[in-house]
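Inspection log for the structure reproduced underneath, given as structure tokens.
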Amino acid sequence: MIVSTTSQTLTKPHQFTLSQKRLESVPAISLVQLCKNPNEISQIHSLLIKTSLIRSPHAYNLLLSSYASTADPGALDRARNLFDRLDFAPSSFLYNTLIKAYTNHGYPIEAFAIYTQMLCESSVLPDRFTFTFVLAACSRLCDGSMGKQVHAQMVKRRGFFGVHSRNALMGFYVKVGEVGMGAQKVFDEMPERDVVSWNCLLDGYVRGGKVGAARKVFDEMPERDVVSWTTMLVGYVDAALLSEGWDLFGRMPERNVVSWSAMIRGFVSAGRSREALGVFKDMEASGVEMDKVTMTSLLSACAGLGALDQGRWIHSYIDKHGIDVDAHLSGALIDMYCKCGWLDVGLTIFQESLDKKVFVWNAILGGLALHSRGKEAVELFLDMLDSGTKPNEITFICVLSACSHSGLVDEGLEIFESMERDHNVRPTLEHYGCMVDLLGRAGLLNDARRLVETMPMEVDGNVLRALLGACRIHRDIELGVEVGKALIELEPLNDANYVLLSNIYALANRWEDVGMLRRNMKARGARKRPGCSSIELNGAVHEFIAGDCSHPQSEEIYKLIDEMAEHLLWS
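If you're matching positions, the sequence shown starts at 1 in full-length UniProt numbering and goes up one per residue.
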């Protein structure tokens with residue numbers, strides 16, 4: 001848009017020509033409403049100055065509001081400049097405009113400062129919009145003291161505020177984690193409530209992990225919308241109550257992308273990736289489009305199943321729809337390709353990633369560890385440090401695992417020692433487990449045992465299993481039996497422990513001990529989990545469990561296996 005201050009010609013897709021006299025009769029709002037960006041607002045600003053319309057408080061208010069409502073931070077500075085140069089008393093509208101603008105632009109402290117200025121330097125009283133906007137700023141800050149000051153002001157003006165202001169107050173208490181004595185108390189004192197009020201209280205209990213209280217609120221709601229159902233579903237999913245979540249999901253009258261994504265995420269988190277992909281197929285059939293959260297969860301499911309074709313389809317969907325690949329999506333793609341065997345594609349995605357957050361580095365380091373490319377993992381770890389990215393606990397698990405799978409003992413020891421010394425990351429059981437595995441695989445069993453004995457925390461089953469596995473590899477029967485017995489005492493119902501110790505006995509031809517171990521296993525109620533395998537064919541994942549006949553083609557499969565066995569017998 002071009003506004004000429006000499007001819008007063010305003011050009012948009014079509015053109016308007018106004019005389020000076022006619023221009024002065026045009027309401028300012030008619031001009032400002034045509035503006036689409038800060039440059040156009042500046043042109044109108046110049047025009048208002050030239051025509052003296054700027055002296056009108058109404059025009060001034062609209063101009064300031066136009067600057068403040070754009071996404072350009074520079075325009076917000078212009079709005080503040082206009083506010084500071086006012087030659088008439090500012091209205092609550094102007095204060096509210098700036099408070100809202102600062103909050104929306106991510107400057108909640110400045111928003112609260114405007115609110116404070118309103119209270120201290122003017123005779124203008126906050127209105128119902130003021131508190132809604134300033135409480136949004138307090139919620140962003142997660143500052144309990146500031147929000148409670150606002151609450152105190154609302155109490156002084158009791159009865160003046162509507163449901164929206166009180167909902168904002170509840171939202172603040174939910175954000176700072178004060179549900180019982182905060183949000184619930186506000187809710188109980190509300191003279192009127194709408195569905196947003198109920199949803200806010202429901203969300204507070206869900207965020208606090210109080211699923212029982214959340215369900216009580218949900219059941220008492222006089223009306224529910226899709227947000228209500230989805231919030232309750234998220235509560236079940238976050239609490240790992242998938243059966244309850246699945247039942248609720250099946251009864252939802254309406255589902256949005258958040259509902260579908262929550263259910264998919266729940267199955268993925270529980271390791272039920274096949275069911276997650278099944279939910280996705282239903283989501284496709286319903287016509288709901290995926291968002292980034294859905295894609296990230298689905299890629300994790302594909303990684304867990306090794307479903308490369310499904311993962312590649314999701315990647316193609318991302319490219320086809322021009323979806324921006326942020327750090328989370330990038331990390332999920334890298335993880336999927338690495339776990340499906342396409343490490344080089346994962347490396348390419350990592351190299352092309354513009355936002356390499358720590359979890360993106362972790363994804364590719366984990367992929368290199370999985371493929372036993374330890375030297376590359378160590379080199380990439382050093383590149384990560386050079387880039388200024390701070391490693392976290394998962395980073396060290398990935399690098400130490402890579403060293404373990406590649407026999408890089410010296411490098412692994414140096415990285416382990418540097419954790420707390422150089423990076424302020426205290427080693428956990430997982431890190432000690434990696435080190436025991438590293439030393440054990442390299443045949444340094446005495447060093448591995450010494451590390452287990454000197455650990456600053458209680459040993460868990462994973463650490464002992466790493467040592468026991470090393471004993472089997474290097475045929476150290478005596479140490480293996482000692483570790484195996486300790487492991488069974490620690491985890492008597494874990495069938496894997498009996499299998500590992502049984503393998504140690506078998507190496508020494510101690511078959512009586514193998515039989516006794518199996519009897520002990522049965523007596524203690526530990527059952528060996530059946531073997532499971534899966535393949536992907538034409539985009540569908542087929543899962544097979546030993547002794548299971550649930551596959552729709554199991555009869556044909558077993559018949560073919562019998563034919564193959566007979567053929568091998570006679571060949």
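Where is the CB? At the ideal position from N, CA and C, for every residue including glycine.
Original post:
When the distance is taken between beta carbons, is Tyr173 closer than 9 Å to Val186?
Top reply: yes
Original post:
Which value, in whole angstroms, describes the spacing of the CA atoms of Glu376 and Leu408?
Top reply: 11 Å
Subject >> Contacting residues, own chain, Cβ-Cβ under 7 Å from Ile561 (five flanking each side not counted) >> reply: none
Original post:
Where Leu308 and Phe249 are concerned, what is the direct C-alpha to C-alpha distance, given to the nearest angstrom?
Top reply: 28 Å
**OP:** Using alpha carbons as the reference points, say which of Leu119, Gly331, Asp386, Asp355 lies closest to Gly366.
**Re:** Gly331
Original post:
Just to confirm, are Leu400 and Gly388 a CB contact at a threshold of 9 Å?
Top reply: no
Original post:
Considering only residues of the same chain and omitting the five flanking positions on each side of Asn167, which have a CB-CB separation below 7 Å?
Top reply: Val196, Ser197, Cys200
Original post:
Given a threshold of 16 other Cβ atoms within 10 Å of its Cβ, counted over all protein chains shown, does Ser25 qualify as buried or as exposed?
Top reply: Legend: pLDDT at Ser25 = 43, less than 50; position of this residue unreliable, no value from coordinates given.
**OP:** Output yes or no for whether 9 Å exceeds the beta carbon distance between Ile364 and Ile334.
**Re:** yes
Original post:
So what does DSSP say about residue 577, is it helix, strand or coil?
Top reply: For residue 577 there is no data in the structure shown, the boundaries of the chain being 1 and 571.
Original post:
Which class does Leu98 belong to by DSSP, given the choice of helix, strand or coil?
Top reply: helix
Original post:
Any idea what DSSP makes of Gly515, helix, strand or coil?
Top reply: helix
Subject >> Contact between the region 101-113 and the region 123-131 (3+ Cβ pairs under 8 Å) >> reply: no
Original post:
Would a C-beta distance cut-off of 9 Å place Cys338 and Leu370 closer than the cut-off?
Top reply: yes
Original post:
So, is the C-beta of Glu414 closer than 9 Å to a C-beta in chain D?
Top reply: Among the chains of the structure shown, chain D does not appear; only one protein chain is present.
**OP:** With a floor of 4 residues, list each alpha helix (DSSP H) that falls wholly inside the region 242-313, ordered by position along the chain.
**Re:** 242-251, 257-269, 273-286, 292-305
Subject >> Unbroken stretches of the alpha helix (DSSP H), 4 residues or longer, contained in the region 466-527 >> reply: 477-490, 495-507, 511-523
Original post:
How would you write the range of the alpha helix (DSSP H) that Leu125 sits in, first residue to last?
Top reply: Premise fails: Leu125 is in no alpha helix (DSSP H) and is neither H nor E.
**OP:** Using the Cα positions of Val179 and Gly235, report the straight-line distance between them to the nearest angstrom.
**Re:** 15 Å
**OP:** For Pro90, count neighbouring C-beta atoms within 10 Å of its own C-beta (all shown protein chains included) and say buried if the count is 16 or more, exposed if not.
**Re:** buried
Original post:
Are Leu517 and Leu493 touching if we call contact CB-CB under 9 Å?
Top reply: no
Subject >> Three-way DSSP call (helix, strand, coil) for His328 in this model >> reply: helix
Original post:
Anyone know if the C-beta pair for Gly245 and Val257 falls short of 9 Å?
Top reply: no
Original post:
Which whole-angstrom value describes the C-beta separation of Ile41 and Tyr67, a residue pair presumed to lie in contact below a C-beta threshold of 8 Å?
Top reply: 6 Å
Original post:
For Ile415, which residues from the same chain have a beta carbon less than 8 Å from its beta carbon, with the 5 sequence-adjacent residues on both sides left out?
Top reply: Val378, Phe381, Phe396, Val399, Leu400, Cys403
Original post:
Taking the runs of the beta strand (DSSP E) that are 3 residues or longer, which of them lie wholly in the region 37-96?
Top reply: none
**OP:** Enumerate in chain order the residues of its own chain whose CB-to-CB distance from Arg22 is below 8 Å, with the five nearest sequence positions on each side excluded.
**Re:** In this predicted model, Arg22 has a pLDDT of only 41, less than 50, meaning its place in the structure is not dependable; the value taken from the coordinates is given anyway. Within the same chain, Arg22 has no close Cβ partners at all.
**OP:** Thinking Leu76 and Leu64 are a contact (beta carbons under 8 Å), I'd like their distance in whole angstroms, please.
**Re:** Contact flag wrong, Cβ pair sits at about 10 Å.
**OP:** Compute the Euclidean distance between the alpha carbons of Leu47 and Ala136, then round it to the nearest angstrom.
**Re:** 35 Å
**OP:** Tell me whether Ala442 sits in a helix, a strand or coil according to DSSP, three-state version.
**Re:** coil
**OP:** Provide the residue span of the alpha helix (DSSP H) that contains Ala168, from first to last.
**Re:** 163-175
**OP:** Report the residue from Gly278, Gly287, Gly341 whose alpha carbon sits nearest the alpha carbon of Ala303.
**Re:** Gly341
**OP:** Assign Pro391 to one of two classes, buried (16 or more other C-beta atoms within 10 Å of its C-beta) or exposed (fewer than that).
**Re:** buried
Subject >> For Pro191, the nearest candidate out of Tyr205, Gly182, His164 (CA to CA) >> reply: His164
**OP:** Report, in whole angstroms, the separation of the C-beta atoms of residue 583 and Leu464, which I expect to be a contact under 8 Å.
**Re:** Residue 583 lies beyond the residue range present for the chain, which begins at 1 and ends at 571; the question has no answer from this structure.
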